[in-house]
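A short write-up of the structure that comes next.
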Amino acid sequence: MDKKPTESDLSVRFWGVRGSHPVSGPDVCTFGGHTACVEVRCGERLFVIDAGTGITRLGQTLGADAPAHIDLLLSHLHLDHVIGLPFFRPALMKGTTLRLHCGNLGGESAEAALNRLFAPPLFPVTLAQLPATIEHVGFHAGETLTFDDGLRVRTCPLQHPSGATAYRFDHGGRAVCYVSDIEHDELGPWPHEELLAFVRNADLVIYDAMYTEAEYCRCRGWGHSTCDAGVALCRAAGVGRLAAFHVHPWHTDADLADMERRLAAMLPGSFVAREGQEVHLAAARVAA
Numbered sequence: 019m020d021k022k023p024t025e026s027d028l029s030v031r032f033w034g035v036r037g038s039h040p041v042s043g044p045d046v047c048t049f050g051g052h053t054a055c056v057e058v059r060c061g062e063r064l065f066v067i068d069a070g071t072g073i074t075r076l077g078q079t080l081g082a083d084a085p086a087h088i089d090l091l092l093s094h095l096h097l098d099h100v101i102g103l104p105f106f107r108p109a110l111m112k113g114t115t116l117r118l119h120c121g122n123l124g125g126e127s128a129e130a131a132l133n134r135l136f137a138p139p140l141f142p143v144t145l146a147q148l149p150a151t152i153e154h155v156g157f158h159a160g161e162t163l164t165f166d167d168g169l170r171v172r173t174c175p176l177q178h179p180s181g182a183t184a185y186r187f188d189h190g191g192r193a194v195c196y197v198s199d200i201e202h203d204e205l206g207p208w209p210h211e212e213l214l215a216f217v218r219n220a221d222l223v224i225y226d227a228m229y230t231e232a233e234y235c236r237c238r239g240w241g242h243s244t245c246d247a248g249v250a251l252c253r254a255a256g257v258g259r260l261a262a263f264h265v266h267p268w269h270t271d272a273d274l275a276d277m278e279r280r281l282a283a284m285l286p287g288s289f290v291a292r293e294g295q296e297v298h299l300a301a302a303r304v305a306a
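Using this note's numbering, you'd call the opening residue of the sequence shown number 19 and step up by one each time.
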């Protein structure tokens with residue numbers, strides 16, 4: 019960012035942008051190879067969305083200055099969205115509390131599922147053995163989350179195998195929506211009315227662009243979407259920009275650069291998200 023955000027500003031930083039599994043190599047260096055993790059700040063207030071492998075880089079950057087309390091909002095529990103959790107540096111710091119919020123399990127928290135994953139023989143230690151305190155919060159996607167400091171985050175259910183949750187941050191007259199892991203063509207006419215209302219007039223929508231249109235035709239029912247469907251949603255909802263996200267692990271930098279050119283032509287100002295990229299939304303001016 020060009021300047022330090024004020025308390026009324028809203029900002030986003032991408033730490034992992036891939037779907038399914040991480041990748042490495044010279045042909046993915048520009049956009050990055052880590053799986054889903056996004057930092058959102060309302061002023062200085064930190065929220066973390068998803069705990070894919072990208073969360074490891076976020077933890078390294080936060081270092082010893084990490085907040086004592088971190089709210090981690092999980093879209094769902096598929097491996098590419100949680101596998102980085104025990105490697106998140108704040109989870110390895112005594113005195114830190116990580117509160118995990120999960121909305122796709124019918125009100126149940128993620129505790130039981132994560133305890134099955136992060137335990138022998140699949141993993142050498144349990145989350146309870148980590149130095150940080152892990153707290154689990156379950157909710158129903160569609161509810162509005164209210165935090166101890168009064169900040170509120172709206173949520174919306176998404177069509178995805180086992181469900182997923184979208185998140186909307188409204189702060190300083192700006193709005194950012196995280197809409198990843200969604201099947202756009204499984205519930206009737208697109209855009210879906212509930213999601214249309216959820217993202218309406220947002221400044222930025224971070225959207226699942228896993229497949230090209232040709233690829234999607236071969237992958238119906240797998241729970242993902244396309245850049246074109248995201249643009250249709252944003253146009254119908256009066257959204258300012260789209261950030262293509264959860265991109266396919268096999269799509270190279272050249273593939274994604276082509277997608278970005280096409281995306282920017284369809285919805286000017288839109289882009290394919292890159293690891294380390296920051297978007298700063300200054301507080302909207304209020305007319306006198």
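Here a beta-carbon is modelled for each residue, glycine too, at the ideal position from N, C-alpha and C.
Distance, Cα to Cα, residue i vs residue j?
i: G72; j: P267; result: 14 angstroms
i: Q177; j: W33; result: 24 angstroms
i: E161; j: P44; result: 42 angstroms
i: C55; j: S93; result: 10 angstroms
i: P139; j: L132; result: 13 angstroms
i: P207; j: A82; result: 48 angstroms
i: P179; j: R31; result: 27 angstroms
i: A282; j: H52; result: 24 angstroms
i: F216; j: K112; result: 38 angstroms
i: G248; j: A146; result: 39 angstroms
i: E57; j: V297; result: 10 angstroms
i: H210; j: Y196; result: 16 angstroms
i: D276; j: F289; result: 11 angstroms
i: A272; j: D98; result: 23 angstroms
i: L148; j: L110; result: 6 angstroms
i: I224; j: G241; result: 16 angstroms
i: C3; j: V265; result: This structure cannot settle anything about residue 3, because the visible part of the chain is limited to 19 through 306.
If you run the structure through DSSP and keep just helix, strand and coil, what is residue i?
i: E293; result: coil
i: C235; result: helix
i: K21; result: Confidence at K21 is low in this model, with a pLDDT of 49, below 50, so the placement of that residue should be treated as unreliable; the coordinate-derived value is given next. K21: coil per DSSP, three-state reduction.
i: L281; result: helix
i: R134; result: helix
i: E161; result: strand
i: L140; result: coil
i: H189; result: strand
i: G262; result: A quick correction: the sequence has Ala, not Gly, at residue 262. Strand.
i: P179; result: coil
i: E126; result: coil
i: V46; result: helix
i: A300; result: coil
i: R218; result: coil
i: I67; result: strand
i: V184; result: Correcting the residue type first, residue 184 is Ala in the shown sequence and not Val. If DSSP states are grouped into helix, strand and coil, A184 belongs with the strands.
i: E211; result: helix
i: A305; result: Low per-residue confidence applies at A305: pLDDT is 47, beneath 50, and the placement is therefore not dependable, though the value from the model is reported in the following sentence. Correct three-state label for A305: coil.
i: T244; result: strand
i: I73; result: helix
i: F105; result: helix
If you count every other CB in all the chains shown that lies within 10 Å of the CB of residue i, and 16 or more means buried, which is it?
i: D167; result: exposed
i: C237; result: exposed
i: G220; result: Note on residue identity: the sequence assigns Ala, not Gly, to residue 220. Flag for A220 reads buried.
i: G287; result: exposed
i: C174; result: buried
i: R170; result: exposed
i: S198; result: buried
i: F49; result: buried
i: H96; result: buried
i: F136; result: buried
i: E212; result: exposed
i: A193; result: buried
i: Q259; result: For clarity, residue 259 is Arg in the given sequence; the question names Gln instead. Classification of R259: buried, given that the 10 Å Cβ count is 16 or more.
i: V143; result: exposed
i: C235; result: exposed
So, at 6 angstroms on beta carbons, what are the nonlocal neighbours of residue i in its own chain, with the 5 sequence-adjacent residues on each side left out?
i: V100; result: A69
i: S243; result: I200, H202, D226
i: G102; result: A69, G70, T71, I73, T74
i: A291; result: F32, V35, A261, F263
i: R134; result: none
i: L163; result: V171
Please go through the same chain and pick out, in chain order, the residues whose beta-carbon is closer than 7 angstroms to the beta-carbon of residue i, but skip the five residues on each side of it.
i: F106; result: A69, I73, T74, G77
i: A300; result: D27
i: P108; result: G77, L80, A84, I88, T114, L116, A150
i: G190; result: S26, D27, L28, A301, A302
i: L122; result: It should be noted that the sequence gives Asn, not Leu, for residue 122. Taken in chain order, the residues that qualify are H94, A159, S180, G181, A182, T183.
i: H269; result: none
i: S127; result: C120, H154, V155, G156
i: S42; result: G51
i: D246; result: E231
i: C60; result: L28, L169, F187, H189
Chain B beta carbons: is any one of them nearer than 8 angstroms to that of residue i?
i: F49; result: Although the question refers to chain B, the structure presented lacks it and comprises just one protein chain.
Closer than 8 angstroms by C-beta to residue i: which residues in its own chain qualify, once you throw out the five before and the five after it? Chain order, please.
i: L214; result: L251, A254, A255
i: R63; result: D167, L169
i: G125; result: G156, F157, H158
*Please determine if the stretch 181-192 and the stretch 229-237 are in contact, where contact requires at least 3 C-beta pairs separated by less than 8 angstroms.*
The stretch 181-192, when compared against the stretch 229-237, does not touch it at the 8 angstroms Cβ threshold.
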